[in-house]
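Residue numbers (this note's numbering), protein chains in the order written: chain A, 548 to 1002; chain B, 548 to 1002. The block underneath contains the structure these notes are about, expressed in structure tokens.
2 protein chains.
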Amino acid sequence: MSSQANQSACIPPLSFSSKATRTREQPINALIAQAMADPELINFAAGLVDSHTLPVDPCREMAQTILSDNVRGRAALQYETTIGLPELRRAALRHVEALDSKSATELGLTPADFVITNGSQQSLYIIGDVLVDPGDIVIAANPSYFVYTGTLQSLGAKVMTVPMDENGMDVEAVDRLLARIEREGKLDRVRFVYCTSYFDNPTGLTLSLDRRPRLLEIVKKYSKSHRILILEDAAYRELRYDGPALPSIKSFDPTNEFTAIACTFSKPFAPGIKTGYSAVPKDLMRAILDQKGNHDFGSSSLCQHIAMEAMRGGQYAEQVENLKAGYSKKLRTMLDSLDRCMPKADGLHWTHPTGGLYVWLTLPSSIDTSRQGMFAAAVEAGVLYVPGVYCFQPDDAGHVPTNHLRLCFGNVPAEKVEPGIEKLAQVVRNSLRGTGPSPVTSEEHGRGARATQSA
Amino acid sequence: MSSQANQSACIPPLSFSSKATRTREQPINALIAQAMADPELINFAAGLVDSHTLPVDPCREMAQTILSDNVRGRAALQYETTIGLPELRRAALRHVEALDSKSATELGLTPADFVITNGSQQSLYIIGDVLVDPGDIVIAANPSYFVYTGTLQSLGAKVMTVPMDENGMDVEAVDRLLARIEREGKLDRVRFVYCTSYFDNPTGLTLSLDRRPRLLEIVKKYSKSHRILILEDAAYRELRYDGPALPSIKSFDPTNEFTAIACTFSKPFAPGIKTGYSAVPKDLMRAILDQKGNHDFGSSSLCQHIAMEAMRGGQYAEQVENLKAGYSKKLRTMLDSLDRCMPKADGLHWTHPTGGLYVWLTLPSSIDTSRQGMFAAAVEAGVLYVPGVYCFQPDDAGHVPTNHLRLCFGNVPAEKVEPGIEKLAQVVRNSLRGTGPSPVTSEEHGRGARATQSA
């Protein structure tokens, strides 16, 4: 939590819970607010989806369909059960079957193993909440999705990390970490491994095929007195523009015991209906529903009807294709622009994702992309990104790398991607010039000299 | 949490958090599921709103309006901020101003003091979560809204209670309880007083006018090292069929420091849009938003646009009038039917609410309305209610009264109210006959003898 609001001197302060005092404001909120305030800024920061491709017409037609039928309309405006609309849970199961090319039986799943949540975030939150007591351990990649690592820390979790490489989370490092934790006598504190398995936020990278069943083997190996789960975050799964369609980690767990998979309509369809779904082990489901009952007794019935109608009527599949066409073009433009505009320098490189919404840029370690550093210059130049520091957990010495940044092309208009990268490249070039022996070429020096200012 | 699902012998169990192990399934979930499964049952249990009066046509037209405008439609399908749609927060403030007949300035409120949540339940949940550590004290009426007392217990709160009378929560008993807690040196553990100020769930009773500012005086008196809040649950406020329009407790707190008020669109409009709003002190708002950011980053944008359109276009006000007309008739029928059908017996009486969705029935103390008792007979007779035991906290000796029941006429068709009460009266009559010296009249004995069976 951020600092308390001022109170008049005679009014005593509120007494907050330990959890509230552990909770910090999510940096993304401030970044989204900033972007909404200044529409001129080229906003590579906020993980918003492309406003221009949102399915306004299909949603109007579906709302019309649902609310023209009195029986269905009433159901859509009444309370729904906590677990969610049965037809939507069935549709979600069919969708997972299709993506994994396995039958429900082979996957060990029935519609009763699916819960509908307010986006996948609520599912991630609740799964953390029902498993984690303060001091318990969750294993994640470094870097990781910072909203969730922040959530875990708010719940009191100790987030321990393993590196990422081009093949995603280093699962052998998970094995070594668990072995170390076991040697230290703390295995009983490990609750789950959090893994964004497709087009990761923030790196855009995907867990390779061979690492998927291997990660399951590893959590099974260390599930001794209690079960260590894998929490698979599949938010970006559908946004695949190139490369093979990989089966989920979940699909290698045919008895539905070691994996929970969290999915959403926000990225592949529309965030405004705030609907997600998760398939989870049966004992975890019971605990999730008890919490969700306390949160809200169930997600918006109207939104669930729209999601279900979209899956059933083909509007969902069509929207995914529309998005893929638009996003893949923007990703290509971003990667091409980075190639063309970024100065060549030792240690300056970026990821080459084949899906999702993000590219992850690594700068020479002398450059600080955080708010105190290059960030202000970027804002002044008219371009916004997420400083990489938010995405890392400190190492044992408390060190956090400061030379990374996340670029999201989600809601940046196609024609603004290249100008945005040009602005960013100029800021990077100026930063490189400002940090001792310059690694830039003379041509780039010349371009840098034309820049108006730098932080 | 309920008992764990069976796992095969070789699979170790999950290790749940303390919170998960403290959390029990909400009994209302099972009751709603039961009602949905058997449409023949006359369901006075579930707190559902009247399906037949849900605003299907207005919602269709509003969805059409919102999604016919491309700019607005995109906004409704994009992410919204965590605090919620500014126009909806402004409309909520105007609504509160109108209900309290005070200006925003007099109320000490601006739109920045309002947060939009997934129904009012999410607000109640988060306020509990940011204030309560295990062992902290929350004061509530006895009986109280059982979903929320269950939530508080799941958070680890010690729920301490004061009695209710015809004027609502006994606030002088709150004063005495706080004095006792102070004497015991535990005042620093008291977090807030939870009060449903209008047409209470489960009793239907309303906090009288003079008790409202008095409750504020009391929490101020005991706010010494820290502030003790009032959490005012105003879910049923708009459903007033008779009697004066009382100002909120919140309206007596012109500096917005001691009261949080939780309101909803679920009861006065439609649960299916799962939208609520709360006005809270500024330091509490900061803590709420940090948590809500972790829950879901903000409620469904589409639902917020519908709620806003309904408030702005008059559909909300019209729906409230429709509901009041329908519900007041059903309440009248229920009270008349109780008068006509219930046997006369010492200790058998019920509340006479002037709003809301509930009537609270007290039976002679020899009768057990809980699941183990009269409840099974009622289900067999085709009528469902909420056993009063769920609504009470145990007294110091661990005793919970078992001779009450909650009747909700919300979603029972008007023509089923009287037959439902007739069935219930028959069950009560049979129960009275089965409990020693009969307090019923000979005429009632005659009618009871014609009953087919009793538990």
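C-beta atoms are modelled at their ideal positions from N, C-alpha and C, and glycine is treated no differently.
Check whether the Cβ of residue 748 of chain A lies closer than 8 Å to any Cβ atom in chain B.
no
In angstroms with no decimal places, state the Cα-to-Cα distance between residue 1015 of chain B and residue 662 of chain B.
It is not possible to answer for residue 1015 of chain B, since the shown part of chain B is limited to 548 through 1002.
Using a 10 Å radius around the Cβ and a threshold of 16 neighbouring Cβ atoms, would you call residue 597 of chain B buried or exposed?
buried
Please list the segments of the alpha helix (DSSP H) lying wholly inside the segment 699-781 of chain B, counting only runs of 4 or more residues, in order along the chain.
718-730, 758-769
Any C-beta of chain A sitting closer than 8 Å to the C-beta of residue 566 of chain B?
yes
Spatial neighbours of residue 666 of chain B within its chain, please: C-beta separation below 6 Å, excluding the five flanking residues on both sides.
811, 813, 821, 823
Can the beta-carbon of residue 818 of chain B be found less than 8 Å from the beta-carbon of residue 625 of chain A?
yes
Just reading off the beta strand (DSSP E) that residue 827 of chain A is part of, what are its end residues?
Unbroken run through residue 827 of chain A: none, as it is neither H nor E.
Residue 825 of chain B and residue 647 of chain B: beta carbons closer than 8 Å?
no
Which residue from A:744, A:910, A:778, A:799 puts its Cα closest to that of residue 784 of chain A?
A:744
By Cβ distance below 7 Å, which residues in the same chain neighbour residue 701 of chain B in space, the five residues on each side in sequence not counted?
566, 569, 570
Out of A:562, A:605, A:737, A:938, state which residue places its alpha-carbon closest to the alpha-carbon of residue 674 of chain B.
A:562
Considering residue 922 of chain B, what are the terminal residues of the alpha helix (DSSP H) in which it resides?
Where residue 922 of chain B is concerned, the enclosing alpha helix (DSSP H) stretches over 921-928.
Please list, in chain order, all residues of the same chain as residue 988 of chain B whose beta carbon is under 6 Å from its beta carbon, the five residues on each side excluded.
Low confidence applies here, because residue 988 of chain B scores a pLDDT of 38, under 50, leaving its location unreliable and the question unanswered by this model.
Within-8 Å CB hit, residue 887 of chain B to chain A:
no
Which term fits residue 599 of chain B, buried or exposed, when burial requires 16 or more other beta carbons within 10 angstroms of its beta carbon?
exposed
Under the assumption that residue 809 of chain B contacts residue 780 of chain B (Cβ atoms under 8 Å), give the Cβ distance between them as a whole number of angstroms.
5 Å
If you draw a straight line from the C-alpha of residue 971 of chain A to the C-alpha of residue 926 of chain A, how long is it?
Taking the CA atoms as reference points, residue 971 of chain A sits about 10 Å from residue 926 of chain A.
When the Cα of residue 974 of chain B is compared with those of B:914, B:941, B:870, which residue comes out closest?
B:914
Strictly by DSSP, which residues pair up with residue 934 of chain B?
Answer is B:952.
So is residue 606 of chain B buried or exposed if we call it buried at 16+ other beta carbons inside 10 Å?
buried
Under 8 Å, do residue 851 of chain B and residue 631 of chain B count as touching if we go by C-beta distance?
yes
Sequence-distant residues of the same chain with beta carbon closer than 7 Å to residue 637 of chain B, five excluded per side:
658
Unbroken alpha helix (DSSP H) run spanning residue 869 of chain B, endpoints
Start and end: 862-888.
Hey, quick one: how far does the alpha helix (DSSP H) through residue 895 of chain B stretch, first residue to last?
Looking at the DSSP string, residue 895 of chain B is not in any alpha helix (DSSP H), and its letter there is neither H nor E.
Classification of residue 990 of chain B by the beta-carbon crowding that lies within 10 angstroms, buried from 16 upward
With a pLDDT of only 39 at residue 990 of chain B, under 50, the local geometry of the prediction cannot be trusted, and the value read off the model is given with reservation. Classification of residue 990 of chain B: exposed, given that the 10 Å Cβ count is below 16.
From which residue to which residue does the beta strand (DSSP E) around residue 909 of chain A run?
905-909
Using the DSSP secondary-structure output, state which residues sit across from residue 787 of chain B in a beta bridge.
Partner(s): B:902.
Suppose contacts are defined by Cβ-Cβ distances below 8 Å. Is residue 916 of chain B in contact with residue 894 of chain B by that definition?
no
CA-to-CA distance, residue 896 of chain B to residue 922 of chain B, given in whole angstroms:
18 Å
Identified DSSP bridge partners for residue 810 of chain B:
In the DSSP output, where bridge partners are listed per residue, residue 810 of chain B has B:824.
What residues match up with residue 684 of chain B in a beta bridge as DSSP calls it?
In the DSSP assignment, the residues bridged to residue 684 of chain B are B:705, B:737.
Hey, quick one: how far does the alpha helix (DSSP H) through residue 974 of chain A stretch, first residue to last?
961-980
How far does the beta strand (DSSP E) with residue 664 of chain A in it reach, from first residue to last?
661-664
When burial is assigned at 16 or more other CB atoms within 10 Å of the CB, is residue 676 of chain A buried or exposed?
Flag for residue 676 of chain A reads buried.
State the DSSP-derived secondary structure class of residue 689 of chain B, mapped to helix, strand or coil.
strand
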